[in-house]
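As structure tokens, the structure follows; a few thoughts come after it.
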Amino acid sequence: MEEIEIVWKAILAFLKEDNPTMFSIILTILGIAITIFTVVYSFMESTFQKVITLENENKNATEDDPIRSSSLKFSKRYFNVLKGFNSQLKHLIYFNIFLLLLYGVATICTKTEWLQLIYNILSFIFVFLCAFVLIRYIYAYNKRYKI
Numbered sequence: 009m010e011e012i013e014i015v016w017k018a019i020l021a022f023l024k025e026d027n028p029t030m031f032s033i034i035l036t037i038l039g040i041a042i043t044i045f046t047v048v049y050s051f052m053e054s055t056f057q058k059v060i061t062l063e064n065e066n067k068n069a070t071e072d073d074p075i076r077s078s079s080l081k082f083s084k085r086y087f088n089v090l091k092g093f094n095s096q097l098k099h100l101i102y103f104n105i106f107l108l109l110l111y112g113v114a115t116i117c118t119k120t121e122w123l124q125l126i127y128n129i130l131s132f133i134f135v136f137l138c139a140f141v142l143i144r145y146i147y148a149y150n151k152r153y154k155i
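As structure tokens, then:
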């Protein structure tokens, strides 16, 4: 019980102080998240164009092609997976920008210790949310491709 109290006091002391390291981590995560968002968006665009092409081929075809139909079904499912992942990334980017603005306000208002405490707590929540989204994506990837 004493160990938990010691750890808890250390965490609270860390959360109450100005933490430029956390600012650097969050700024780095923002850059990485924007890069991943852009890459996934380009995959979405190419998949969307493939879906449009396959749908046009299905409309103009005189007979059903099972390969084209399965490719269309796979492309639509893949597009929806990418869309969901990009939506989660978009929310993380918004939260990240909010944290950076909050850090700016907290550094301007140096006499408000509670604002710094709120920023640090939200920063930890943000880092855990990033890890959660990444773990969910890796789990879905492994489940989908059975690696």
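Following my numbering, the numbering of the sequence shown begins with 9 at its first residue and continues without gaps.
Heads up, the beta-carbon is just placed ideally off N, CA and C, and yes, glycines get one too.
LYS98 and PHE45 - do their beta-carbons sit closer together than 8 Å?
yes
Where SER83 falls, given that 16 or more other Cβ within 10 Å makes a residue buried:
buried
Ignore the nearest five residues each way along the sequence and tell me which others in LEU100's own chain have a CB closer than 7 Å to its CB.
ALA41, LEU137, CYS138, VAL141
Is the region 60-68 touching the region 124-133, taking contact as three or more C-beta pairs under 8 Å?
The region 60-68, when compared against the region 124-133, does not touch it at the 8 Å Cβ threshold.
Tell me the rounded alpha-carbon separation between GLU79 and THR61.
Per the sequence shown, the amino acid found at residue 79 is Ser instead of Glu. Spanning the two alpha carbons is a distance of roughly 11 Å.
Roughly how many whole angstroms lie between the Cα atoms of ASN104 and ASP72?
48 Å
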